[in-house]
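Q:
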Amino acid sequence: MSKRKAPSSDNPNHDFCEFLIEIGEYERNVNRNIHKYNAYRKAASSLAAHPTRITSGKEAKKLEGVGQKIAEKIDEFINTGKLRKIDKIREDDTSNVISLLTRVSGIGPAKAQEFFHSGINSIEELEKNKSKLSHHQLIGLKYFKDFEEKIPRSEIEEIEKLVRGYVSSLDNSYLITICGSYRRGKAESGDIDVLITHPSFTSSTTDKDVSTRHLKKIVALLEKNKLITDTISLGGVKFMGVCRIKDIARRLDIRITPHDQYHCATLYFTGSDIFNKEMRAHALQNGFTLNEYCLRRMGSTGVPGEPLPVSSEEDIFDYINYPYKTPTERNL
Ligand code: 8DG
Ligand code: CA
Ligand code: CA
Numbered sequence: 001m002s003k004r005k006a007p008s009s010d011n012p013n014h015d016f017c018e019f020l021i022e023i024g025e026y027e028r029n030v031n032r033n034i035h036k037y038n039a040y041r042k043a044a045s046s047l048a049a050h051p052t053r054i055t056s057g058k059e060a061k062k063l064e065g066v067g068q069k070i071a072e073k074i075d076e077f078i079n080t081g082k083l084r085k086i087d088k089i090r091e092d093d094t095s096n097v098i099s100l101l102t103r104v105s106g107i108g109p110a111k112a113q114e115f116f117h118s119g120i121n122s123i124e125e126l127e128k129n130k131s132k133l134s135h136h137q138l139i140g141l142k143y144f145k146d147f148e149e150k151i152p153r154s155e156i157e158e159i160e161k162l163v164r165g166y167v168s169s170l171d172n173s174y175l176i177t178i179c180g181s182y183r184r185g186k187a188e189s190g191d192i193d194v195l196i197t198h199p200s201f202t203s204s205t206t207d208k209d210v211s212t213r214h215l216k217k218i219v220a221l222l223e224k225n226k227l228i229t230d231t232i233s234l235g236g237v238k239f240m241g242v243c244r245i246k247d248i249a250r251r252l253d254i255r256i257t258p259h260d261q262y263h264c265a266t267l268y269f270t271g272s273d274i275f276n277k278e279m280r281a282h283a284l285q286n287g288f289t290l291n292e293y294c295l296r297r298m299g300s301t302g303v304p305g306e307p308l309p310v311s312s313e314e315d316i317f318d319y320i321n322y323p324y325k326t327p328t329e330r331n332l
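Following this line, the structure appears as structure tokens:
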């Protein structure tokens, strides 16, 4: 997940969304309460999707995911122009340090708390304690400033062209889709999410090294051509690392998926994650279970059946009777 996600300011409720997201991140990072984090983000997403300015907590409560507590905060903000809860969060040293440390790629809330308790409370302190950092955290620290910057769409378009060129020079049957916020049409993204498949590789391929071989060959070629500069991790199905075409480093993820699971994978990795949650919930209500690999019918005993044949993202929407949404309509 990228570290900073501000709702766009063309949203008439953006100030409400901003404080809800700030409280949500505090709940996740400091209190480690992922449920509250999700609840605040869901409320912010409903407010962001609302076309007009909300003028009271009571009005806000009519929106999905907005309950009494959040309605009260909206009233307080409307009446006083601020929120005591936000003031308290911003004054709290623990909270400030943990928020800062979790901005480093590879440092999650638990690790940030651990560092904080061992006296590491700044980027400078991380620099002085490199021996305590994992390989991923060292890369996060090395590119701390660069990774804070959003990636303009035009730069991802250039990277996409390069990746397509290199990968098709290996074999022009590879299918490549850049997913994430880029596919949802966003003007800027936190990182680059590349999804790749090849018709020779399916979920019934018994040789598990097939995907690893494809992925390693692709990564090696991108390294050779100086597009990839660092590797955070390279497993059988996923590469996490760094790429660069300008004077700034960018986070790059590459995943390889079986050909028959490609559409479930593009759907999942296109997100948004809130959209995914809603779609999965809808699937369940209609007797299906959906994940990044496949769509299955739930039997009467609660045991999922065999993966259903899927030849497009539209198929998935059709099966579960959910109105089709283009990627740009999935920005929940
Ligand atoms: P961004 O990078 O511009 O900040 O936004 P993003 O592209 O939407 O987010 P991402 O963190 O790169 O994740 C890519 C997609 O992966 C996301 O849109 C939906 C899917 N996804 C989930 N849950 C999760 C999760 O818990 N972690 C991550 N990293 N991805 C998730 O549905
Ligand atoms: Ca992304
Ligand atoms: Ca990503």
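Going by the UniProt record's numbering, the first residue of the sequence shown is number 1, and it counts up by one from there.
The beta-carbon is built from N, C-alpha and C at its ideal position, and this holds for glycine as well.
Treat the numbers as computed from the prediction; the structure is a model and nothing was measured.
1) Using 10 angstroms around the beta-carbon of T102, count the other beta-carbons present and answer buried if the total reaches 16, otherwise exposed.
2) Helix, strand or coil for R153 per DSSP?
3) Anything with a beta carbon under 6 Å from a heavy atom of ligand 3 counts; list them all in chain order.
4) Using a Cβ-Cβ cutoff of less than 7 Å, which residues in the same chain neighbour D207 once the five nearest sequence positions on both sides are dropped?
5) With DSSP collapsed to three states, give me the class of K238.
6) Unbroken alpha helix (DSSP H) runs of length 4 or more, entirely within the stretch 206-236: which are they?
7) Is any heavy atom of ligand 1 found at a distance shorter than 7 Å from the C-beta of K325?
8) Which word fits L284, buried or exposed, when buried means at least 16 other C-beta atoms lie within 10 angstroms of its C-beta?
9) What number of angstroms, rounded off, separates the C-alpha of N11 from the C-alpha of S203?
10) What is the residue span of the alpha helix (DSSP H) that I21 lies within?
11) Have a look at L126, N225, L133, R213 and flag the residue whose alpha-carbon is nearest the alpha-carbon of V237.
12) Spell out the partners DSSP gives C243 in its beta bridges.
13) Whole angstroms is fine: what's the gap from R4's alpha carbon to E148's?
14) Return the residue from the list V194, K224, H198, V210 that minimises the CA-CA distance to L252.
15) Comparing alpha-carbon positions, which option in I21, H50, T55 lies nearest A39?
16) According to DSSP, simplified to helix, strand and coil, what is S312?
17) Just how far apart, CA to CA, sit C179 and E306?
18) Are the beta-carbon atoms belonging to C264 and L295 less than 8 Å from one another?
19) Could you work out which residue in T266, N286, G302 is closest to V310 when comparing CA atoms only?
20) Whose CA, out of P304, E292, H282, I107, lies closest to the CA of Y324?
21) Assuming G185 contacts P327 under a Cβ cut-off of 8 Å, what Cβ separation, rounded to an integer in Å, is found between them?
22) Let's test the definition: count the other Cβ atoms within 10 Å of the Cβ of G190 and tell me whether it reaches 16, buried, or not, exposed.
23) According to DSSP, is R41 helix, strand or coil?
24) For ligand 1, is there any heavy atom lying closer than 7 Å to the beta carbon of D146?
25) Looking at the structure shown, is F288 part of a helix, part of a strand, or coil, going by DSSP?
26) Suppose the cutoff is 7 Å on Cβ atoms and the five residues either side in sequence are ignored; what does the same chain contact list for A6 look like?
27) Looking at ligand 1, does it come within less than 7 Å of G24, judged from the CB to the closest heavy atom?
28) Are I274 and L290 touching if we call contact CB-CB under 8 Å?
29) With distances taken between CB atoms, is the gap from R164 to Y182 smaller than 8 Å?
30) Take T227 and list the residues in its own chain whose beta-carbon comes closer than 8 Å to its own, dropping the five residues that flank it on each side.
31) Among residues of its own chain, excluding the 5 on either side of G140, which ones have a beta-carbon nearer than 6 Å to its beta-carbon?
32) Can you tell me whether T301 is helix, strand or coil according to DSSP?
33) Beta carbon of I196, beta carbon of I151: below 8 Å?
34) Should N276 be counted as a contact of ligand 1 given a C-beta to heavy atom distance under 7 Å?
35) Applying the criterion that 16 or more other CB atoms from any shown protein chain within 10 Å of the CB defines a buried residue, is P258 buried or exposed?
36) Among D92, V97, I54, which residue has its Cα nearest to the Cα of I74?
A: Answer, in terms of the structure:
1) Within the sequence shown, numbered from 1, the residue matching residue 102 stands at position 102. Classification of T102: buried, given that the 10 Å Cβ count is 16 or more.
2) As a working mapping, residue 153 is identified with position 153 in the sequence shown. In this structure, R153 counts as helix in the three-state DSSP scheme.
3) G180, D191, D193, D253
4) The sequence position of residue 207 within the sequence shown is 207, counting from 1. Closer than 7 Å at Cβ, skipping near neighbours: no residue.
5) Counted from its first residue, the sequence shown places residue 238 at position 238. Three-state result, K238: strand.
6) 209-224
7) Numbered from its first residue, the sequence shown carries residue 325 at position 325. The answer is no for K325.
8) As a working note, residue 284 is residue 284 in the sequence shown. Flag for L284 reads exposed.
9) Along the sequence shown, one-based indexing puts residue 11 at 11. Along the sequence shown, one-based indexing puts residue 203 at 203. Near 42 Å, if we compare the C-alpha coordinates of S203 and N11.
10) Translated into positions along the sequence shown, residue 21 becomes position 21. Its alpha helix (DSSP H) spans residues 14-29.
11) Here residue 237 refers to the residue found at position 237 of the sequence shown. Comparing Cα positions, the closest option is R213.
12) Along the sequence shown, one-based indexing puts residue 243 at 243. Paired residue(s): I228, R250.
13) Numbered from its first residue, the sequence shown carries residue 4 at position 4. Numbered from its first residue, the sequence shown carries residue 148 at position 148. Note that R4 scores 43 on pLDDT, short of 50, meaning its location in the model is unreliable; the coordinates nonetheless yield the value given after this. Answer to the nearest angstrom: the Cα atoms are 8 Å apart.
14) The sequence position of residue 252 within the sequence shown is 252, counting from 1. If we check each option's Cα against that of L252, V194 comes out closest.
15) The residue given as residue 39 occupies position 39 in the sequence shown. Measuring from the Cα of A39, the nearest candidate turns out to be I21.
16) Translated into positions along the sequence shown, residue 312 becomes position 312. Looking at S312 - three-state DSSP - the assignment turns out to be coil, as it is neither helix nor strand.
17) The residue you call residue 179 lines up with position 179 of the sequence shown. The residue you call residue 306 lines up with position 306 of the sequence shown. Distance between the alpha carbons of C179 and E306: 26 Å.
18) Stepping through the sequence shown from its first residue, residue 264 is reached at position 264. Stepping through the sequence shown from its first residue, residue 295 is reached at position 295. It is a contact, given that the beta carbons lie within the stated cut-off.
19) On the sequence shown, residue 310 is found 310 positions in, with the first residue counted as 1. Closest option to V310, Cα to Cα, is T266.
20) As a position in the sequence shown, residue 324 is number 324, starting the count at 1. Considering only alpha carbons, the answer is H282.
21) To locate residue 185, count along the sequence shown from 1; it is residue 185. To locate residue 327, count along the sequence shown from 1; it is residue 327. About 7 Å; that satisfies the 8 Å criterion.
22) Numbered from 1 along the sequence shown, position 190 holds the residue referred to as residue 190. Flag for G190 reads buried.
23) Residue numbering aside, residue 41 sits at position 41 when the sequence shown is read from its first letter. Reduced to three states, the DSSP call for R41 is helix.
24) Working through the sequence shown from its first residue, we reach residue 146 at position 146. No, the beta carbon of D146 sits no closer than 7 Å to any heavy atom of ligand 1.
25) Numbered from 1 along the sequence shown, position 288 holds the residue referred to as residue 288. Residue state, collapsed to three classes: strand.
26) Numbered from its first residue, the sequence shown carries residue 6 at position 6. The pLDDT assigned to A6 is 48, lower than 50, so where the model puts this residue is not dependable, and the model offers no usable value.
27) Here the question's residue 24 lines up with position 24 in the sequence shown. Not so, every heavy atom of ligand 1 lies at least 7 Å from the Cβ.
28) What you label residue 274 is simply residue 274 of the sequence shown in a count that begins at 1. What you label residue 290 is simply residue 290 of the sequence shown in a count that begins at 1. Cβ distance not < 8 Å, so I274 and L290 don't count as in contact.
29) To locate residue 164, count along the sequence shown from 1; it is residue 164. To locate residue 182, count along the sequence shown from 1; it is residue 182. Going by C-beta atoms, R164 is not nearer than 8 Å to Y182.
30) On the sequence shown, residue 227 is found 227 positions in, with the first residue counted as 1. Residue identity check: residue 227 is Leu in the sequence provided, not Thr. Only I159, L162, V163, Y166, C243, R244, I245 meet the Cβ criterion.
31) On the sequence shown, position 140 is the one that residue 140 refers to. So the qualifying residues of the chain are V104, S105, G106.
32) Numbered from its first residue, the sequence shown carries residue 301 at position 301. Looking at T301 - three-state DSSP - the assignment turns out to be coil, as it is neither helix nor strand.
33) By 1-based counting over the sequence shown, the position of residue 196 is 196. By 1-based counting over the sequence shown, the position of residue 151 is 151. In this structure, I151 does not lie closer than 8 Å to I196 by Cβ.
34) Taking the first residue of the sequence shown as 1, we reach residue 276 at position 276. Yes, ligand 1 has a heavy atom inside 7 Å of this Cβ.
35) Against the sequence shown, residue 258 aligns to sequence position 258. When all chains shown are included, P258 counts as buried.
36) For the purposes of this step, residue 74 is identified with residue 74 of the sequence shown, where counting begins at 1. When each option's Cα is compared against that of I74, the closest is I54.
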